[in-house]
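Heads up: the structure comes next, in structure tokens.
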Amino acid sequence: MIILAIESSCDEFSIAIGKNNKIIANIISSQINEHSQFGGVVPELASRLHLENFHWVLEKALLKAKVSINEITHIAYTNEPGLIGSLIIGRLVAQTLANFLKIPLIPLNHIHGHIYGASIEQTFKFPLLSLVASGGHTQIILSKKHLDFNIIGSTQDDAIGECYDKVSRVLGLGYPGGPILDKLAQKGDSKAYKLPISKQDNTYDFSYSGLKTASINLIRNLGQKNQKVDINNFCASFQFTAIETLISKFERAIKNYSPKCLVLAGGVSANSELRKKMLLLGEKYKIKVCLPKMEYCTDNAAMIAALAYETIRKENI
Ligand code: KG4
Ligand code: ZN
């Protein structure tokens, strides 16, 4: 089986090619430079850029994989969730290719794709507990077997990545905020500023709007008093609080569901502190940890190809 997978749900257009469960190409056209001047993703611009870029991404993926278009046996694409204009471009490219080649077309879920991004170089064990942390989602998902996704906790307001991006914008640090704050945090003191850890209750749900508001208020209050924010210390304090909020809820879920494997998924899985703390949880509870390789953390089509492989096997497509 040779799978061509397309991911276009936000501001990346990506095509990957998988030979069975092995990724042989993963090409990503990123639009970060075009959106950063606006401080975030402009949906209309994202879909227009997808239209401009998809053809060379396709050509480059086939070239890298050294396969001809006629050798492709399945087309997979992200059909939800995401920006509607961006999703439509990916779907149109996928449908056109599948109709032209007369091969099966497989619509897949972006969040499920992120989870399978961690399976590319590791083997999952079940039950599997996933911590999904991205620009649009913050969830804990329990899987008793392959392709079984049971959401046990979710954010009640903002997603963690969104919180990083908004705080970064207020600090004037640029977009996307996650990698920028993460880098600066490594040079600061995490105890310098006190920020709130929200929703310390018995659920597995999260809340990030409190941390966002407290961070913005702290920055503005210091500004009004003509006091400078120590950027490195602020980033370290923010990162400590944002990650502790995730980890404390995930640890509660580990104790309750006794998983055999822990998975980190979504763009925020690239975070240095989060990766470290997930490994520590694995050590503490003696559970296998599957972290995605850095190139499979933020949006990419390789994760969609990995999810497609399991789907094709299960449904005998
Ligand atoms: O999964 P993703 O590429 O897109 C969505 O599906 O949302 O995630 C993007 C998010 C952005 O909010 C970005 O700031 C965040 O992932 N991110 C990070 C890091 N790298 C990316 N957040 C914290 N630390 C990072 N190192
Ligand atoms: Zn994503």
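With the numbering used here applied, the sequence shown covers 883 to 1199.
Note that CB positions come from ideal geometry on N, CA and C, so glycine has one too.
Quick caveat: nothing in here was measured; it's all calculated off a predicted structure.
Which same chain residues end up closer than 7 Å to residue i when comparing Cβ atoms and leaving out the 5 residues on each side of it in sequence?
i: residue 1158; result: none
i: residue 918; result: 1056 and 1057
Going by beta carbon distance, what residues of the same chain come within less than 8 Å of residue i, once the five residues before and after it are set aside?
i: residue 861; result: Look at the range of the chain in this structure, 883 to 1199, and you will see that residue 861 is not part of it.
Which residues bound the beta strand (DSSP E) around residue i?
i: residue 958; result: 956-962
i: residue 1170; result: 1170-1172
i: residue 1035; result: 1032-1036
i: residue 975; result: Here residue 975 belongs to no beta strand (DSSP E); instead the alpha helix (DSSP H) covers 966-983.
i: residue 889; result: 884-889
i: residue 1179; result: Unbroken run through residue 1179: none, as it is neither H nor E.
i: residue 1143; result: 1143-1147
Where residue i and residue j are concerned, what is the direct C-alpha to C-alpha distance, given to the nearest angstrom?
i: residue 1138; j: residue 1013; result: 15 Å
i: residue 1167; j: residue 1132; result: 12 Å
i: residue 1067; j: residue 953; result: 47 Å
i: residue 964; j: residue 1093; result: 24 Å
i: residue 1155; j: residue 1071; result: 13 Å
i: residue 921; j: residue 997; result: 28 Å
i: residue 903; j: residue 946; result: 17 Å
i: residue 916; j: residue 1175; result: 26 Å
i: residue 1059; j: residue 1165; result: 30 Å
i: residue 1183; j: residue 1110; result: 42 Å
i: residue 1173; j: residue 1147; result: 8 Å
Counting only the same chain and skipping the five closest in sequence on each side, list residues whose C-beta sits under 6 Å from that of residue i.
i: residue 943; result: 897, 899, 907 and 909
Could you spell out where the alpha helix (DSSP H) holding residue i opens and where it closes?
i: residue 1197; result: 1184-1197
i: residue 997; result: 992-999
Where does residue i sit, in a helix, a strand or coil, going by DSSP?
i: residue 949; result: coil
i: residue 1061; result: helix
i: residue 1153; result: coil
i: residue 1002; result: coil
Residue ranges of each alpha helix (DSSP H) run of no fewer than 4 residues wholly in the segment 901-938, ordered along the chain?
Runs of the alpha helix (DSSP H) inside the segment 901-938: 914-918.
Which runs of the alpha helix (DSSP H) spanning at least 4 residues fall entirely within the segment 1073-1130, listed in chain order?
Uninterrupted alpha helix (DSSP H) stretches at least 4 residues long and entirely within the segment 1073-1130 occur at 1091-1106, given in chain order.
To test your reading of the DSSP string, which unbroken beta strand (DSSP E) runs of 3 or more residues are found completely within the segment 1004-1054?
Runs of the beta strand (DSSP E) inside the segment 1004-1054: 1010-1015, 1020-1025 and 1032-1036.
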